[in-house]
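Read in order, the letters of the sequence shown are residues 1398 to 1498 in the working numbering.
The structure appears right after this line, and notes come after that.
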Amino acid sequence: IAEGHRFLSHVIKQAFDVHLENDPHFPQFIKFSSPYQKVLGDNPDAFYHVCNLDNDLTYKITGQMQDEAYVSFTLAEAKCRGCFSNGVVADVNHFQLKMKE
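Laid out in C-alpha coordinates, this is it:
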(Lines of atoms letter the chains of each structure in order from A and count residues from 1; the text may use other names and numbers.)
(Lines give C-alpha, C1' and ligand atoms only; values in the text may rest on other atoms or scores of the structure.)
Protein backbone atom coordinates (compact mmCIF):
# COMPACT_ATOMS: atom_id res chain seq x y z
CA ILE A 1 0.00 0.00 0.00
CA ALA A 2 2.82 2.42 0.84
CA GLU A 3 4.38 1.99 -2.61
CA GLY A 4 0.99 2.67 -4.20
CA HIS A 5 0.64 5.89 -2.21
CA ARG A 6 4.14 6.91 -3.23
CA PHE A 7 3.38 6.26 -6.91
CA LEU A 8 0.11 8.17 -6.68
CA SER A 9 1.82 11.14 -5.01
CA HIS A 10 4.39 11.23 -7.85
CA VAL A 11 1.63 11.24 -10.49
CA ILE A 12 -0.26 14.01 -8.65
CA LYS A 13 2.93 16.11 -8.36
CA GLN A 14 3.57 15.71 -12.08
CA ALA A 15 -0.01 16.70 -12.86
CA PHE A 16 0.37 19.87 -10.78
CA ASP A 17 3.73 20.72 -12.37
CA VAL A 18 2.67 20.08 -15.97
CA HIS A 19 -1.02 20.97 -16.08
CA LEU A 20 -1.57 23.47 -13.29
CA GLU A 21 1.68 25.43 -13.07
CA ASN A 22 2.67 25.43 -16.75
CA ASP A 23 1.07 28.13 -18.94
CA PRO A 24 0.94 27.33 -22.70
CA HIS A 25 1.40 31.06 -23.42
CA PHE A 26 4.74 30.97 -21.58
CA PRO A 27 5.71 27.29 -21.66
CA GLN A 28 8.64 25.89 -19.75
CA PHE A 29 10.04 22.40 -20.01
CA ILE A 30 9.29 20.56 -16.75
CA LYS A 31 11.43 17.60 -15.70
CA PHE A 32 9.03 14.67 -15.91
CA SER A 33 11.11 11.97 -14.29
CA SER A 34 14.03 11.69 -11.90
CA PRO A 35 15.62 9.01 -9.73
CA TYR A 36 12.94 9.80 -7.11
CA GLN A 37 10.00 10.54 -9.37
CA LYS A 38 9.22 7.74 -11.79
CA VAL A 39 6.32 6.78 -13.97
CA LEU A 40 6.10 3.25 -15.34
CA GLY A 41 9.63 2.26 -14.31
CA ASP A 42 13.21 3.26 -14.86
CA ASN A 43 14.79 4.52 -18.04
CA PRO A 44 18.35 5.33 -16.96
CA ASP A 45 19.44 6.44 -20.43
CA ALA A 46 16.85 9.16 -20.92
CA PHE A 47 15.70 12.39 -19.31
CA TYR A 48 12.17 13.47 -20.14
CA HIS A 49 10.88 17.04 -20.02
CA VAL A 50 7.34 18.06 -20.94
CA CYS A 51 5.31 21.23 -21.46
CA ASN A 52 1.84 22.21 -22.61
CA LEU A 53 1.37 24.06 -25.87
CA ASP A 54 -1.54 25.80 -27.55
CA ASN A 55 -2.49 24.83 -31.13
CA ASP A 56 -3.19 28.47 -31.96
CA LEU A 57 0.31 29.68 -31.05
CA THR A 58 3.74 29.37 -32.67
CA TYR A 59 6.80 28.45 -30.63
CA LYS A 60 10.55 28.65 -31.05
CA ILE A 61 12.79 26.39 -28.96
CA THR A 62 16.28 27.68 -28.22
CA GLY A 63 19.12 26.23 -26.22
CA GLN A 64 22.55 24.70 -26.35
CA MET A 65 23.49 21.11 -26.96
CA GLN A 66 26.37 19.93 -24.87
CA ASP A 67 27.46 16.31 -24.73
CA GLU A 68 24.05 14.72 -25.29
CA ALA A 69 24.12 11.61 -27.44
CA TYR A 70 20.54 12.12 -28.60
CA VAL A 71 17.93 14.90 -28.39
CA SER A 72 14.37 14.54 -29.60
CA PHE A 73 11.21 16.66 -29.50
CA THR A 74 7.90 14.82 -29.77
CA LEU A 75 4.57 16.56 -30.21
CA ALA A 76 1.58 14.64 -28.87
CA GLU A 77 -2.05 15.63 -29.28
CA ALA A 78 -4.87 15.38 -26.74
CA LYS A 79 -8.59 16.17 -26.88
CA CYS A 80 -8.30 18.67 -24.05
CA ARG A 81 -5.73 20.18 -21.71
CA GLY A 82 -4.90 17.51 -19.15
CA CYS A 83 -6.39 14.68 -21.21
CA PHE A 84 -4.36 11.64 -22.14
CA SER A 85 -2.54 11.81 -25.46
CA ASN A 86 -4.26 10.62 -28.64
CA GLY A 87 -0.85 9.84 -30.08
CA VAL A 88 2.20 11.39 -31.65
CA VAL A 89 1.62 14.15 -34.21
CA ALA A 90 5.28 14.92 -35.00
CA ASP A 91 8.76 13.96 -33.91
CA VAL A 92 12.14 15.49 -34.71
CA ASN A 93 15.59 14.60 -33.42
CA HIS A 94 18.87 16.53 -33.30
CA PHE A 95 19.90 15.29 -36.75
CA GLN A 96 16.89 17.13 -38.22
CA LEU A 97 17.14 20.34 -36.18
CA LYS A 98 18.63 23.55 -37.53
CA MET A 99 21.75 24.26 -35.50
CA LYS A 100 23.93 27.33 -35.40
CA GLU A 101 27.63 26.61 -35.72
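Beta carbons: idealized from backbone N, C-alpha and C, even for Gly.
Every value quoted in this text rests on a predicted model; they were computed, and no experiment measured them.
Beta-carbon spacing of residue i, residue j below 8 Å
i: D1486; j: A1473; result: Residue 1486 is actually Val in this sequence, not Asp. Yes, these two residues count as a Cβ contact at 8 Å.
i: C1448; j: P1432; result: no
i: F1444; j: I1458; result: no
i: F1426; j: Q1411; result: no
Start and end residues, alpha helix (DSSP H) containing residue i
i: L1500; result: Examination of residue 1500 is not possible in this model, given that the chain is present from 1398 through 1498 alone.
Close Cβ partners of residue i (< 8 Å) along its chain, the five nearest in sequence each way excluded
i: L1454; result: P1421, H1422
Start-to-end residues for the beta strand (DSSP E) that takes in residue i
i: V1485; result: 1482–1490
i: K1471; result: Checking the displayed sequence, the identity of residue 1471 turns out to be Thr instead of Lys. Start and end: 1469–1475.
Whole-angstrom C-beta distance between residue j and residue i, which should lie under 8 Å
i: G1479; j: H1416; result: 5 Å
i: Y1467; j: H1446; result: Not really, about 14 Å apart at Cβ, beyond 8 Å.
Close Cβ partners of residue i (< 6 Å) along its chain, the five nearest in sequence each way excluded
i: V1489; result: F1470
Residues near residue i in its chain [Cβ-Cβ closer than 7 Å; skip 5 each side]
i: G1460; result: none
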